[in-house]
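Visitor: Here the protein sequences line up with chains A and B, keeping their order. Numbering of the first sequence is given in the numbering used here, commencing with residue 25 and proceeding in unit increments. Numbering of the second sequence is given in the numbering used here, commencing with residue 57 and proceeding in unit increments.
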Amino acid sequence: MSQSNHLPDSPGPTRRTRIVHPGIGATLGRVALSMAIGFGGLAAGAGYWQVVRSADLSSSPDDAAVIAASRRVIRGEISDRDGVRLAWSVLDANDEPYRRYSDAAMSSVVGYASRSFGSAGLERAYGAQLTGITSADPVRDLVRKFGTTSSDPQALRTTLVAGLQEAAVAALGRDRGAVVMLDPRTGEVLVLASTPVFDAAELANPETSSAAFARLQVDPASPLLPRATQGRYVPGSVFKIVTAIAGLGSGAITADTTFPEQPGAEKAGLLVSGYRVKDGHHRATGDTALDLTGATEVSCNIWYALAGLATGGDGLASWAGKLGFGAPIPFDLSTAPSQVTNGGGPLGGGFADDVELANAAYGQAETVVTPLQMALVASTVANEGLLMRPHLVLAFSGRSGSVTTQPEVWRRVLPPDLANDISVAMQQAVQGRLGRQFTAGAQVKGMTVAGKTGTAQLGGPDAPNSWFIGFAPAEKPQIAIAVVVEQGGHGSDRAAPLAGVMLRAWKAWAGL
Amino acid sequence: MSQYGIAVAHVGSGPFGRGREFGLLLVVAGTLTLGSASLGMTQEVRANPHPATPLSLADPVGLAVFLAALFVAHGALVLSRRRTDQILLPTVGLLGGISLLLMERLPQGLAGGLGLGRTQLVWLVLAIAVLAGVAALVRSDAWLRLYKYSWAAFGVGLLLVTFLFGHDVGGQRLTLSIGPLSGQPSELIKILLVIFLAGYLSENRPILIEESTRIGPLRLPPLPYLAPMVAMWALAFAIVLVLRDLGAAFLFFTVFLLLLYVATARASFVILGLLIFVAGGAILYQVVPHVRVRVDLWLDPFATASGSGYQVVQALHAFARGGLLGTGFGAGLPLIGGALPIPALHTDFPLAALGEEIGLIGVLGVLGLYLVIIERGLRIAASAADDFRALLAAGLSLIIGAQAFIIAAGNLKLIPLTGITLPFISYGGSSLITSGLVIGLLIALSDRGAELQSADAGRRGARRAVAVDIAA
Chain A
25 MSQSNHLPDS
35 PGPTRRTRIV
45 HPGIGATLGR
55 VALSMAIGFG
65 GLAAGAGYWQ
75 VVRSADLSSS
85 PDDAAVIAAS
95 RRVIRGEISD
105 RDGVRLAWSV
115 LDANDEPYRR
125 YSDAAMSSVV
135 GYASRSFGSA
145 GLERAYGAQL
155 TGITSADPVR
165 DLVRKFGTTS
175 SDPQALRTTL
185 VAGLQEAAVA
195 ALGRDRGAVV
205 MLDPRTGEVL
215 VLASTPVFDA
225 AELANPETSS
235 AAFARLQVDP
245 ASPLLPRATQ
255 GRYVPGSVFK
265 IVTAIAGLGS
275 GAITADTTFP
285 EQPGAEKAGL
295 LVSGYRVKDG
305 HHRATGDTAL
315 DLTGATEVSC
325 NIWYALAGLA
335 TGGDGLASWA
345 GKLGFGAPIP
355 FDLSTAPSQV
365 TNGGGPLGGG
375 FADDVELANA
385 AYGQAETVVT
395 PLQMALVAST
405 VANEGLLMRP
415 HLVLAFSGRS
425 GSVTTQPEVW
435 RRVLPPDLAN
445 DISVAMQQAV
455 QGRLGRQFTA
465 GAQVKGMTVA
475 GKTGTAQLGG
485 PDAPNSWFIG
495 FAPAEKPQIA
505 IAVVVEQGGH
515 GSDRAAPLAG
525 VMLRAWKAWA
535 GL
Chain B
57 MSQYGIAVAH
67 VGSGPFGRGR
77 EFGLLLVVAG
87 TLTLGSASLG
97 MTQEVRANPH
107 PATPLSLADP
117 VGLAVFLAAL
127 FVAHGALVLS
137 RRRTDQILLP
147 TVGLLGGISL
157 LLMERLPQGL
167 AGGLGLGRTQ
177 LVWLVLAIAV
187 LAGVAALVRS
197 DAWLRLYKYS
207 WAAFGVGLLL
217 VTFLFGHDVG
227 GQRLTLSIGP
237 LSGQPSELIK
247 ILLVIFLAGY
257 LSENRPILIE
267 ESTRIGPLRL
277 PPLPYLAPMV
287 AMWALAFAIV
297 LVLRDLGAAF
307 LFFTVFLLLL
317 YVATARASFV
327 ILGLLIFVAG
337 GAILYQVVPH
347 VRVRVDLWLD
357 PFATASGSGY
367 QVVQALHAFA
377 RGGLLGTGFG
387 AGLPLIGGAL
397 PIPALHTDFP
407 LAALGEEIGL
417 IGVLGVLGLY
427 LVIIERGLRI
437 AASAADDFRA
447 LLAAGLSLII
457 GAQAFIIAAG
467 NLKLIPLTGI
477 TLPFISYGGS
487 SLITSGLVIG
497 LLIALSDRGA
507 ELQSADAGRR
517 GARRAVAVDI
527 AA
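(1) Looking at the structure shown, is residue 58 of chain A part of a helix, part of a strand, or coil, going by DSSP?
(2) Since residue 74 of chain B meets chain E, which of its residues come closer than 8 Å, beta carbon to beta carbon?
(3) Quick one: is residue 375 of chain A near chain B, going by C-beta distance under 9 Å?
(4) Using a Cβ-Cβ cut-off of less than 7 Å, give me the residues of the stretch 344 to 377 of chain B that come near chain A, in sequence order.
(5) Please report the distance separating the alpha-carbon of residue 93 of chain A from that of residue 149 of chain A.
(6) What is the rounded straight-line gap between the Cα of residue 386 of chain B and the Cα of residue 121 of chain A?
(7) I need the DSSP call for residue 351 of chain B, collapsed to helix, strand or coil.
(8) Going by beta carbon distance, what residues of the same chain come within less than 7 Å of residue 229 of chain A, once the five residues before and after it are set aside?
(9) From the beta carbon of residue 82 of chain A, is the nearest beta carbon of chain B less than 9 Å away?
(10) Around the Cβ of residue 78 of chain B, are there at least 16 other Cβ atoms within 10 angstroms (buried) or fewer (exposed)?
(11) Hey, residue 340 of chain A and residue 445 of chain A are a contact pair by Cβ (cut 8 Å); roughly how many whole angstroms apart?
(12) Which term fits residue 353 of chain B, buried or exposed, when burial requires 16 or more other beta carbons within 10 angstroms of its beta carbon?
(13) Flag this pair as touching only if the stretch 408 to 425 of chain A and the stretch 173 to 190 of chain A have three or more C-beta atom pairs under 8 Å; answer yes or no.
(14) Using C-beta distances below 6 Å, list every residue in its chain close to residue 176 of chain A, excluding the 5 sequence neighbours before and after it, in chain order.
(15) Out of B/414, B/400, B/419, state which residue places its alpha-carbon closest to the alpha-carbon of residue 483 of chain B.
(16) Alpha carbon to alpha carbon, what distance is there between residue 138 of chain B and residue 506 of chain B?
(17) In chain order, what residues of the same chain lie with their CB nearer than 6 Å to the CB of residue 346 of chain B, ignoring the 5 residues before and after it?
(18) Check the Cβ-Cβ distances between residue 99 of chain A and every residue of chain B, and say whether any is below 9 Å.
(19) Out of A/394, A/95, A/116, which one is the CA nearest neighbour of residue 362 of chain A?
(20) Spatial neighbours of residue 448 of chain B within its chain, please: CB distance less than 6 Å, with the 5 preceding and 5 following residues excluded, ordered by chain position.
(21) Quick one: measure Cβ to Cβ for residue 276 of chain A and residue 334 of chain A, integer angstroms, because I've assumed they're closer than 8 Å.
(22) Kindly indicate which residue of B/223, B/406, B/456 has the alpha-carbon position closest to the one of residue 492 of chain B.
(23) Return the bridge partner residues of residue 21 of chain A from the DSSP annotation.
(24) What number of angstroms, rounded off, separates the C-alpha of residue 452 of chain B from the C-alpha of residue 250 of chain B?
(25) Relative to chain A, which residues along the stretch 427 to 441 of chain B have a C-beta separation below 8 Å, given in chain order?
(26) Quick one: what's residue 232 of chain B bridged to in DSSP?
(27) Strictly by DSSP, which residues pair up with residue 421 of chain A?
(28) Decide if residue 462 of chain B is buried, meaning its Cβ has at least 16 other Cβ atoms within 10 Å, or exposed.
(29) Consider the Cβ of residue 255 of chain A: report whether some Cβ of chain B lies at a distance smaller than 9 Å.
(30) Which one or two residues does DSSP pair with residue 202 of chain A in a beta bridge?
(31) Would residue 87 of chain A pass as an interface residue toward chain B - the criterion being a Cβ-Cβ separation below 9 Å?
(32) Going by DSSP in three states, residue 506 of chain B sits in which element: helix, strand or coil?
(33) Kindly identify the DSSP beta-bridge partner or partners of residue 363 of chain A.
(34) Closer than 7 Å by beta-carbon distance: list the chain B residues that pair up with residue 78 of chain A, in chain order.
(35) Along chain A, in chain order, which residues have C-beta atoms closer than 7 Å to that of residue 494 of chain B?
(36) Note down the Cα distance separating residue 311 of chain B from residue 291 of chain B, rounded to an integer number of angstroms.
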């Protein structure tokens, strides 16, 4: 910029131009440029929050608009896959809506939407859709801003089967535990039961919510904890299926692998780094060195410890990672991560030493899992090694149309032949002569069941957690299941018979 | 003569006419009327889904008073018969009008007495009056440049008085009350700082440029002249420690460094200043819990989304809800249980509120208005008659620019959030009056006609510049 243009009245032009030191114009230009760059940064920041992050933040259950809308909008209904109503809204004396729920058995999945105590479960995860802040059609969302009706509440049809979930809760009875059932071919979750149950209707009803919430929060049985997705349990022998997947997948073992030292170690214990891994049972196999099927049938800890050591810490941790371990499972509801080890150890995968690795390989040590995670393990074997993304929503529908969720492949974990090796072993564990003593309860007349029990030692005087994972029909699997009963004793005592009850109920529902 | 011709061509009414300003004010009036209509219709439909006549203005009286104030200010500038900047008043008018619409649509209970919208209107009108008064009447800058040390002392005195007699609001000792009046002295201190710096730097500029002390690879200012730099640094940190006002300290230091660079063109000073700033910041982070909380909140507000990070996270949600186009005035900013999720929305997060209601497009527009102010201010500095006026104009425009940047960046989680105001938009009298004063001074400094500076100061400056030319 030239000085003299702006100083028309200058009596002595030379004096004016001299007074402003040469160079100040250039520095001002640079300062202007730096301010322009700074404001460009602001524009980029605004673009990030208002465009890139717009959809996920504004439909989050913590969003003020979602919370505000949930207090006045009549939320969409939630139903099971067959159209059974699970949640709907009614008006109170002041014409303000509140939620009703069909059955306490569904509360751990459907959750609640309360005026004073927030929301949980599907009510929380899909608050934006149920209140109609977000609809199925983004273009319509944009246009809606210019209209007078500001929301289009969506009805949610879930993948659940209300009758089966109720049967699971009834079968768990007074025990604490969880049952997960899903279709291995699609990832559709049919049952996601957790006991003890709580009554969401009580929490949502403005007249009873305060007292109910106060009571539930201090209940030592923690009924508000959705155990199927957030309960973290020692898995015991059901984890052997993860070790088998890791061992076969990494090539460290095959279905025919035997360990010569295994029969001897049955009696004396397996010496690992100066520490003895012990196993107490299956005298019936005598001095025979077992293969995958045999070891799975009799649930041989020594064979699986050796398989785990052969696979190595890295192998076990990374193959478990392919199944979903190590991070929350991407799911409609928030999930707790499952783990093979606490991590931080010097051994591959973060194991502290070979002793921990050997123990983890048959599901003890620092290994903890969620029931949903173990159902996915069974599902992977059932679906020929292809892990489908688990989901709870079949469809959303509102005025602007409906959107159906399509099955989605999450990961290819194993090639079909290796998955089949494990499937054969799991069938033998339920149907075989030696396996029957553990898993007879899971058998279903007229249908081949594949599975694995688990008896998770908790240390101390507590009875072990009782586990079963499996799938059916073994030849052409259509349902995968995971059952855990807290302190239910041996897997054969509680979980396997419960799985039998659920598989029979499913068979009737499916019309097989 | 030819320049007069150009002037006549675009002002349309003689050398002292302000046709461009009038035209822009008409555009501002139209824009604000549209905004008011948009808000009014939304409110109307909210109250009654099927109104008889949906066409209505949100608050026609408030809008009329505000627009009248702008045109009266314009009239005062025309009557002052000075050839001064014609862009700044309409720019400020648009920002203030947006603020008025925002304050009218927020819950009125946020301010006592008249309510939020009316109180803001009163302050806006007063700020425009101050702006117009200063722009029309201040014709000499001798009273500023001759008493620079007195102004600095006054500023430090204000700081002390605030510390001794101020009262704490929201964990910060910012507010000083004298009788029925209360205000935030740090708003005034920033102007005093710029006046002092402009005086000091213009007087010592040749020395600061030509001489230096070498320490290793760094060329530092001559040691005696390093003193004010250290003093400024100390002042900034005193403000953090004494007033617990991070934003003001950050603003002072930023404006100081930028002015130092403008005066000396030496990047080494800026680098040194930044190093000192980072070092000081690191120490404060360790020592002052309040600073640590702010920085941790910035790094991951979502970690404490329902606790101390709540406001920051809710502000980001507000931006997200607005999206590209916004919800429209009056249609966003949901209330939960009758209250805003962001209690300090009107003071600390007005940009987030605008982000929701007028969208990314609106935010970019508002940011653009601040860039206009910066551009006009630096242009006035570039064509100023001498160093003092150049530095003063640059400093004043950078106050507005840097302040807008710091609070906007804080709202957008680009830097830690500090509780300073968004000039002309945030609710609050001290901020509005001070901002009006800043723009008024800028307009006065832009005077292309009359001789402003005192003859005495002019001669001193001239002698030094000539000396430098000879030396070079």
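Backbone N, C-alpha and C define an ideal beta-carbon position, used for all residues, glycine too. Predicted model only: the values in this text are computed from it and were never measured.
Guide: Quick look at the numbers:
(1) Looking at residue 58 of chain A - three-state DSSP - the assignment turns out to be helix.
(2) Included in the structure are the protein chains A and B, with no chain E among them.
(3) So no, residue 375 of chain A is outside the interface.
(4) Taking 7 Å as the cut-off between beta carbons, the residues of the stretch 344 to 377 of chain B near chain A are 361, 370, 372, 373, 375, 376, 377, in sequence order.
(5) Whole-angstrom Cα-Cα distance: 15 Å.
(6) Each residue's Cα considered, the two are about 24 Å apart.
(7) Three-state DSSP puts residue 351 of chain B in a helix.
(8) Within the same chain, 122 come within 7 Å of residue 229 of chain A by CB-CB distance, once the 5 residues on both sides are set aside.
(9) Yes, contact with chain B.
(10) Classified as buried, residue 78 of chain B has 16 or more neighbouring CB atoms from the shown chains inside 10 Å of its CB.
(11) Taking a contact as a CB-CB distance under 8 Å, the pair residue 340 of chain A and residue 445 of chain A does not count as one, their CB atoms being some 18 Å apart.
(12) The residue in question, residue 353 of chain B, is buried, as its Cβ has 16 or more Cβ neighbours within 10 Å.
(13) Judged by Cβ distances under 8 Å, the stretch 408 to 425 of chain A makes contact with the stretch 173 to 190 of chain A, as three or more pairs qualify.
(14) Counting only Cβ-Cβ distances below 6 Å, and skipping sequence neighbours, we find 156, 159, 422, 423, 424.
(15) Across the set B/414, B/400, B/419, the C-alpha of B/400 shows the shortest separation from the C-alpha of residue 483 of chain B.
(16) Because the pLDDT at residue 506 of chain B is just 49, under 50, the model does not fix this residue reliably, and the point stays unresolved.
(17) Answer for residue 346 of chain B: 300, listed in chain order.
(18) With 9 Å as the cut-off, residue 99 of chain A does not count as an interface residue toward chain B.
(19) Looking at the Cα atoms, A/394 is the closest of the given residues.
(20) Within the same chain, residue 448 of chain B has close Cβ partners 254.
(21) 4 Å between Cβ atoms; contact.
(22) Each of B/223, B/406, B/456 was checked against the Cα of residue 492 of chain B, and the nearest Cα belongs to B/456.
(23) Residue 21 of chain A lies beyond the range of chain A shown here (25 to 536); nothing can be said about it.
(24) Near 7 Å, if we compare the C-alpha coordinates of residue 250 of chain B and residue 452 of chain B.
(25) Per Cβ criterion, the list reads 427, 430, 431, 434, 435, 437, 438, 439, 440, 441.
(26) DSSP lists B/239 as partners of residue 232 of chain B.
(27) Beta-bridge pairing by DSSP links residue 421 of chain A to A/179, A/426.
(28) Classification of residue 462 of chain B: buried, given that the 10 Å Cβ count is 16 or more.
(29) Taking Cβ atoms only, chain B never reaches closer than 9 Å to residue 255 of chain A, which makes this a no.
(30) Beta bridge pairing from DSSP links residue 202 of chain A with A/218, A/508.
(31) For residue 87 of chain A, the nearest beta carbon of chain B is closer than 9 Å to its own beta carbon.
(32) Caution is warranted here: a pLDDT of 49 is assigned to residue 506 of chain B, below 50, making its placement in the model unreliable, and the coordinate value is therefore given only provisionally. Per DSSP, reduced to three states, the secondary structure at residue 506 of chain B is coil, with no helix or strand assignment.
(33) Answer by DSSP bridge pairing, in chain order: A/392.
(34) Here the neighbours are 376, 379.
(35) Chain-ordered listing is empty here: chain A has no CB closer than 7 Å to the CB of residue 494 of chain B, the nearest sitting near 16 Å.
(36) C-alpha separation (whole angstroms): 13 Å.
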